[in-house]
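Chains as they are written, first to last, in my numbering: chain A, 7 to 402; chain B, 7 to 402. Ideal Cβ placement from N, Cα and C applies to all residues, glycine included.
Number of protein chains: 2
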Amino acid sequence: MAKINSNYNKLKTNYLFSDIARKISEYKLAFPEKEIIRMGIGDVTLPLVQPVVDALVKASTEMGNKATFRGYGDEQGYAFLQEVIKEYYEENCKVRLSTNEIFISDGAKSDIANFTELFSNDNTIIIPDPVYPVYLDSNLMFGRKILFINGNEENGFLPLPDKNTKGDIVYLCSPNNPTGAVYNYAELQTWVEFALNNNMIIFFDSAYEAFVSDKGLPRSIYEIEGANKCAVEFCSLSKTAGFTGTRCGYTIVPEDIIIDDNYSLNKMWLRRQTTKFNGTSYIVQRGAEAVFSKEGIAACKENIKYYMNNAKIIAKTLEESNVWFTGGINSPYIWLKCGMDSWEFFDLLLKKAQIVGTPGSGFGKCGEGFFRLTSFNTRENTVEAMRRFKEFLREL
Amino acid sequence: MAKINSNYNKLKTNYLFSDIARKISEYKLAFPEKEIIRMGIGDVTLPLVQPVVDALVKASTEMGNKATFRGYGDEQGYAFLQEVIKEYYEENCKVRLSTNEIFISDGAKSDIANFTELFSNDNTIIIPDPVYPVYLDSNLMFGRKILFINGNEENGFLPLPDKNTKGDIVYLCSPNNPTGAVYNYAELQTWVEFALNNNMIIFFDSAYEAFVSDKGLPRSIYEIEGANKCAVEFCSLSKTAGFTGTRCGYTIVPEDIIIDDNYSLNKMWLRRQTTKFNGTSYIVQRGAEAVFSKEGIAACKENIKYYMNNAKIIAKTLEESNVWFTGGINSPYIWLKCGMDSWEFFDLLLKKAQIVGTPGSGFGKCGEGFFRLTSFNTRENTVEAMRRFKEFLREL
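Right under this line is the structure:
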């Protein structure tokens with residue numbers, strides 16, 4: 007008799023975004039004449055840049071021609087893409103990788119979730135709260151123990167390890183989703199040293215690295231000495247180049263990570279991927295290659311600048327209104343202290359200013375009392391939303 | 007201290023294709039003037055058909071335009087693709103599905119391997135031998151018990167359950183890889199009844215269904231009564247439409263499968279995919295949609311006919327030479343009895359006829375004494391290879 011994985015019982019259904027959608031529908035029905043501005047969007051809105059579109063079209067055409075058709079590629083990705091990612095790391099943050107350490111995937115979400123398979127279910131997983139829900143759920147599915155570490159106003163939502171931080175694997179996300187907070191060099195160094203001293207592995211989610219403009223902040227965990235012995239880095243073109251619907255990411259698994267003097271995490275991941283994955287579409291990999299061309303990088307930077315100018319407008323409004331917040335400078339997310347229950351703030355903001363954001367409590371209990379705004383809307387809407395927001399705060 | 011998943015120790019490194027590659031290189035070095043014909047290819051060789059290329063180009067262009075750009079799609083796929091697959095099932099084999107039962111993926115390999123996560127590690131998995139290695143390895147990685155059931159000359163490599171078939175989940179692949187053998191209605195009915203009587207789940211791999219031309223053979227397990235209560239079907243466009251490098255598959259999870267009166271496998275898979283997967287590329291899904299258009303189906307059928315004519319040439323040669331074989335009629339694979347050790351036959355065939363095939367023992371111990379040829383080469387090469395093969399057998 008087939009026996010089910012009963013760990014699925016431990017998963018909570020996350021109603022966050024469906025609850026938000028329901029509240030918007032109800033409001034629209036009651037006040038059809040009001041214009042709602044959505045500042046809760048967690049998805050890019052600008053189209054793919056032209057060099058990427060050209061590469062996708064070219065690769066699609068190649069696939070229709072016997073001489074240039076491609077069948078199965080290596081599961082870990084094409085060398086042409088690994089090579090440009092390797093160069094990107096060198097130029098971007100002076101990190102030297104071997105192409106064997108770069109695994110191409112269909113996105114960071116799959117890899118972040120699947121990578122845990124290389125570890126026994128008998129591990130304690132350290133997860134910052136508030137958090138991207140995949141970290142938690144993908145480990146609950148395997149029945150692993152979870153230890154939350156708290157983000158809060160005091161630590162700027164950048165928790166550091168202390169004597170109570172007892173676990174085996176820790177997830178770090180910087181720039182953070184949902185808080186937009188970014189660890190500096192010293193803070194990441196603290197984490198890396200703690201991991202090395204305690205034989206811990208760091209899963210570093212750098213999906214938002216392209217939004218870091220401050221030269222004094224790390225964009226890769228491998229900028230920290232020793233990280234090549236304890237950290238796996240997950241990155242994605244979703245936010246860097248608007249690939250949320252095109253699907254391509256990459257995971258760095260250093261050859262230097264050896265567990266129990268015997269297990270190469272790099273070789274284990276290669277074994278996992280060659281067995282359970284068949285590679286990312288050739289067409290998409292050619293599109294991804296174009297992201298890293300001179301023209302591609304320049305065009306993607308323009309798009310990021312557009313979002314970041316929106317973020318600046320939001321951040322300026324909050325500063326002028328004396329609202330405490332994180333993010334908005336090196337991240338498309340702004341995480342603000344709303345001074346009341348997150349959902350109460352959501353309801354008020356919708357009712358009084360017709361602005362939709364995301365209640366912080368939806369990302370974990372430490373998110374209660376906070377609220378997320380994003381910069382993925384248009385300039386015009388962002389400006390209008392902030393005009394309304396200022397007025398809303400004055401009348402609060 | 008991070009603890010590794012020690013089940014990885016149980017995995018054997020499969021050297022099959024690297025051993026073959028090495029032997030070819032050595033032979034080429036020794037006899038550079040000889041022309042080798044590769045009949046071991048397990049990958050398609052014809053390019054994508056024009057309607058698919060047109061759809062890929064159109065979708066790529068859409069992604070560069072603000073008005074038609076797409077960000078995140080539903081993890082289970084776009085409705086436009088689910089709809090045409092639903093219609094394909096109705097027209098192809100009179101099977102009625104709900105679109106909620108159709109999950110789009112980046113290929114059958116990922117889904118076949120990942121689907122096991124919904125089940126406890128405390129299950130016994132029944133796997134036919136010889137076998138596609140993913141079934142075995144993806145279960146060994148979770149430490150599950152394996153029961154092999156033997157394919158052989160007597161059962162035509164189509165094993166059926168008997169009183170010793172004690173397990174919880176069974177993998178069936180029909181048309182089979184590597185043997186090309188196809189279960190008929192009565193045989194699949196036997197499996198379905200056995201599964202229902204024993205609360206077993208069938209994982210049905212139908213990746214080669216498009217190669218079935220015989221109207222008297224099932225192309226989907228759901229043509230069998232009761233299968234909607236016990237079988238999950240994995241299919242792919244890899245061989246149907248030459249998508250091995252483009253990457254798109256689909257998995258059918260019937261809403262009627264309820265385990266322990268409580269667990270809907272359909273809802274569990276939706277939970278798994280929404281948590282650990284971010285959907286297949288929009289561009290690829292548009293290409294896949296075009297496969298199922300009238301023009302797409304007609305063009306793909308032409309390609310399959312081309313491969314199947316190659317298969318016929320191989321089958322005819324074997325019949326004329328009185329060699330026992332399976333496949334080649336409703337499958338691109340031909341599995342022949344070589345009358346000696348599989349690797350010995352490989353070496354002889356390379357040396358005497360400069361033909362490369364795949365030793366059956368590489369697919370499991372029951373494959374010993376057998377040999378796989380495929381129809382994915384050109385017409386010209388297939389004809390020449392069979393001319394040589396006939397001569398080779400005469401001189402053996």
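Tell me the DSSP bridge mates of residue i?
i, result
"B/C241", "B/Y256"
"B/K343", "B/F376"
"B/L153", "B/I132"
"B/T171", "DSSP output for B/T171 lists no bridge partner at all."
"A/L178", "A/F210"
"B/V329", "Bridge partners of B/V329: none, in fact."
"B/P365", "B/F377"
"B/R44", "B/V362"
"A/F125", "B/I10"
Any idea what DSSP makes of residue i, helix, strand or coil?
i, result
"A/R278", "helix"
"A/D135", "strand"
"B/S287", "coil"
"B/Y4", "Since the displayed chain B opens at 7 and closes at 402, residue 4 of chain B lies outside it and no answer follows."
"B/Y269", "strand"
"B/G10", "What sits at residue 10 of chain B in the sequence shown is Ile, not Gly. Here B/I10 sits in strand by DSSP."
"A/I264", "strand"
"B/I230", "coil"
"A/F298", "coil"
"B/F382", "coil"
"A/F217", "helix"
"B/D49", "coil"
"A/V188", "coil"
"B/Y313", "helix"
"B/G293", "helix"
"B/V58", "helix"
"A/E397", "helix"
"B/I477", "The structure shown does not extend to residue 477 of chain B, since chain B is modelled only from 7 to 402, so the question has no answer here."
"A/Y21", "coil"
"B/L355", "helix"
"B/L194", "helix"
"A/R28", "helix"
"A/C435", "Outside the displayed span of chain A (7 to 402) sits residue 435 of chain A, for which this structure offers no information."
"B/A321", "helix"
Spatial neighbours of residue i within its chain, please: CB distance less than 8 Å, with the 5 preceding and 5 following residues excluded, ordered by chain position.
i, result
"B/N272", "N106, E107, V259, P260, E261 and I263"
"A/R394", "I43, A359, Q360 and I361"
"B/E390", "I43"
"A/L153", "T130, I131, I132, I133, T171, K172 and G173"
"B/N13", "L146, M147, F148 and G149"
"A/D49", "T250 and F382"
"A/L17", "D143, L146 and M147"
By Cβ distance below 6 Å, which residues in the same chain neighbour residue i in space, the five residues on each side in sequence not counted?
i, result
"A/Y95", "V101 and L103"
"A/E68", "T74"
"B/L399", "S327"
"A/W275", "V259"
"B/G113", "S242, R253 and G255"
"A/I230", "L194, Q195 and V198"
Beta-carbon within less than 7 Å of residue i's beta-carbon, same chain only, minus the 5 sequence neighbours each way: which residues are those?
i, result
"B/Y256", "I91, I108, F109, I110, S111 and C241"
"B/F163", "G157, N182, T185, A187, T332 and W341"
"B/I310", "A216 and F217"
"A/F376", "W341, L342, K343, C344, S348 and G366"
"A/M45", "I361, V362, G363, L379, T380, N383 and A391"
(request) Just list the beta strand (DSSP E) runs in the region 64-120 of chain B, keeping only unbroken ones of 3 residues or longer that don't cross its boundaries, in chain order. (result) Listed in chain order, the complete beta strand (DSSP E) runs (minimum 3 residues) inside the region 64-120 of chain B are 108-111.
(request) Count the CB pairs spanning the region 108-121 of chain B and the region 189-199 of chain B that are closer than 8 Å, and state whether there are at least three. (result) Of all C-beta pairs linking the region 108-121 of chain B to the region 189-199 of chain B, fewer than three are shorter than 8 Å, placing the two stretches out of contact.
(request) Decide if the region 280-299 of chain B is in contact with the region 49-68 of chain B; the criterion is three or more beta carbon pairs, one per stretch, under 8 Å apart. (result) Judged by Cβ distances under 8 Å, the region 280-299 of chain B makes contact with the region 49-68 of chain B, as three or more pairs qualify.
(request) Please determine if the region 129-149 of chain A and the region 372-392 of chain A are in contact, where contact requires at least 3 C-beta pairs separated by less than 8 Å. (result) Output reads yes: the region 372-392 of chain A touches the region 129-149 of chain A.
(message) With a threshold of 8 Å, are at least 3 pairs of Cβ atoms found where one atom belongs to the region 80-88 of chain A and the other to the region 280-287 of chain A?
(response) Counting Cβ pairs under 8 Å, three or more are found: they touch.
(message) For the structure I just gave you, are there three or more beta carbon pairs, one from the region 111-127 of chain B and one from the region 235-250 of chain B, closer than 8 Å?
(response) Contact annotation: the region 111-127 of chain B touches the region 235-250 of chain B, with at least three C-beta pairs closer than 8 Å.
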